[in-house]
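Numbering (the numbering used here), first residue to last: 1256 to 1465. In what follows, a structure is listed as structure tokens, so that the remarks can point back to it.
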């Protein structure tokens, strides 16, 4: 029987690649996309749910399926307000897994970040660590948290500072420990899908394992 996958953040870089790979995978019959704006993709497998993801309760009856892929996130440039930033990067994933747990979703794959820790003094890493804790607290037996370093790929929006950092990383790749090297978004998407098609129990996947 074909599976149903749920994607939060299919309009972003990694989420769009998860979608692309699932569309070509015969194991999946339905892919549910939850976004603020349409992806513009028309495909018989795809069902889109457009609305305010900060109010996920409104989608409760539709957040059903076999697997949940959380690829959502923002940046300080897009969301300078700290509380709003927390609501997106922490609040949305936490609420999504809570609802999906109650709806019987068996597997969850989440994009976090290298250095994530609820005890970190760095705001970004702290929020990601709190997000991980919230996701794991839902106690979905097959929960996979991926912690990539710099994510590279063809983004729609330009991130000058990030692009400069990635360029430096590439130039000095031979000096950088594997754990801290840039990771292709396509590889992250593939790893998420691979894990959700395995029988592995909940685990954290560091950047060098992706």
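Note that CB positions come from ideal geometry on N, CA and C, so glycine has one too. Since we're looking at a predicted model, the values are computed, not measured.
- No Cβ-Cβ contact shorter than 8 angstroms links residue 1325 with residue 1301.
- Taking C-alpha positions only, residue 1435 is separated from residue 1369 by approximately 8 angstroms.
- In the same chain as residue 1272, and ignoring 5 residues on each side of it, the C-beta atoms closer than 6 angstroms to its own belong to 1440, 1441 and 1444, in chain order.
- By the C-beta density criterion, residue 1295 is exposed, having fewer than 16 other C-beta atoms within 10 angstroms.
- In this structure, residue 1352 and residue 1363 form a Cβ contact; the two beta carbons are roughly 6 angstroms apart against a cut-off of 8 angstroms.
- Put simply, the backbone Cα of residue 1338 is about 12 angstroms away from that of residue 1379.
- Excluding sequence positions up to five before and after residue 1292, its CB lies within less than 8 angstroms of the CB of 1266 and 1305, all in the same chain and listed in chain order.
- When secondary structure is reduced to three states using DSSP, residue 1318 falls in the coil class, being assigned neither helix nor strand.
- When the five nearest sequence neighbours on each side are left out, the beta carbons in the same chain lying within less than 7 angstroms of the beta carbon of residue 1313 are those of 1306, in order along the chain.
- Out of 1316, 1331 and 1457, the CA that lies nearest to the CA of residue 1397 is found in 1457.
- Remark: C-beta atoms of residue 1345 and residue 1385 approach each other more closely than 8 angstroms.
- Sequence-distant partners of residue 1358 (beyond 5 residues in either direction) whose C-beta falls short of 7 angstroms from its own C-beta, in its chain, are 1318 and 1319.
- Looking from the CA of residue 1392, the closest CA among 1403, 1381, 1356 and 1374 belongs to 1356.
- A residue is called buried once 16 or more other Cβ atoms fall within 10 Å of its Cβ, and residue 1349 is buried on that count.
- Under DSSP, residue 1288 takes part in a beta bridge, and its partners are 1262 and 1303.
- With distances taken between CA atoms, residue 1264 lies nearest to 1288 out of 1459, 1437, 1382 and 1288.
- Within the DSSP secondary-structure output, residue 1323 pairs in a beta bridge with 1261 and 1363.
- DSSP places residue 1269 in the helix class (H, G or I) of the three-state scheme.
- Nearest in C-alpha terms to residue 1406, of all of 1299, 1260, 1261 and 1270, is 1270.
- Under DSSP, residue 1398 takes part in a beta bridge, and its partners are 1363.
- Residue state for residue 1296 is assigned as coil, using DSSP reduced to three classes.
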